[in-house]
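In full-length UniProt numbering, the protein residues as written are 1 to 224.
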């Protein structure tokens, strides 16, 4: 199966990884924000063992902001007590409101104060250190499944596109736009709309021009 912009339509899930990653093999591109090197490397080892891709390890909250902007990221594992001027809680608020990505907290803290602050940011999981491979697998799979399920409930509307982007789409363009943001491949979109793959690509090029983007990831992020 195998997450700077307005957030509303990033929740429809961005790019072909949506259905293929989330609904089948459950593989994701994951960023690790953890300042304990040995723990971070252990997490990386176990994630890769589970078939996921680790986009990087960041050991400072401030540097994490740049790493989170990577459009390929599907999920963030986030240490609450990360070093730097930004705490894990601070980063979580930014991730939730600006990037609309799922994130799982990593922490050794189980006190009520920390738990309540963490819960207020609406995380997709909370892993208490020390943890094992099974803890990691269950939390990651659950977070990805939950996020994908939420996204599938949202729908695009032509009114939203017109009001927010001043873009007028033909029926075929609108159908393809919906296919793109819900994760359909070129072949799936072509079969659904009874057109050729080359025609899909031609429409895709025009849609990119209308929204002034150059990739599916940029398109879906812009839709927000």
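C-beta: ideal position from N, C-alpha, C; glycine also.
Beta bridge counterpart(s) of residue i as assigned by DSSP
i, result
"residue 105", "78, 126"
"residue 210", "Its beta-bridge partners do not exist; DSSP assigns none."
Residue range of the beta strand (DSSP E) that includes residue i
i, result
"residue 56", "53–58"
"residue 29", "29–33"
Supposed close pair residue i, residue j - CB separation, criterion 8 angstroms
i, j, result
"residue 133", "residue 46", "5 angstroms"
"residue 54", "residue 32", "6 angstroms"
"residue 78", "residue 99", "No, residue 78 and residue 99 are not in contact; Cβ-Cβ is about 12 angstroms, not under 8 angstroms."
"residue 75", "residue 140", "7 angstroms"
"residue 226", "residue 186", "This structure gives no information on residue 226, because the portion of the chain shown stretches from 1 to 224."
Opening and closing residue of the alpha helix (DSSP H) in which residue i lies
i, result
"residue 159", "158–165"
"residue 172", "171–181"
"residue 187", "186–193"
"residue 118", "112–120"
"residue 65", "61–68"
"residue 72", "Element bounds for residue 72: n/a, residue is neither H nor E."
"residue 45", "37–49"
"residue 221", "216–223"
"residue 88", "88–94"
is_contact[residue i, chain D] using C-beta, thresh 8 angstroms
i, result
"residue 128", "Included in the structure is just one protein chain, with no chain D present."
Pair within 8 angstroms by beta-carbon distance, residue i and residue j
i, j, result
"residue 171", "residue 193", "no"
"residue 207", "residue 177", "yes"
"residue 34", "residue 106", "yes"
"residue 73", "residue 101", "yes"
"residue 125", "residue 147", "no"
"residue 216", "residue 180", "yes"
"residue 30", "residue 136", "no"
"residue 93", "residue 121", "yes"
"residue 219", "residue 28", "no"
"residue 84", "residue 56", "no"
"residue 109", "residue 82", "no"
Exercise for the section: Would you be able to state if there are at least three C-beta pairs under 8 angstroms between the region 82–90 and the region 158–174? Expected result: no
Exercise for the section: Would you be able to state if there are at least three C-beta pairs under 8 angstroms between the region 110–119 and the region 58–75? Expected result: no
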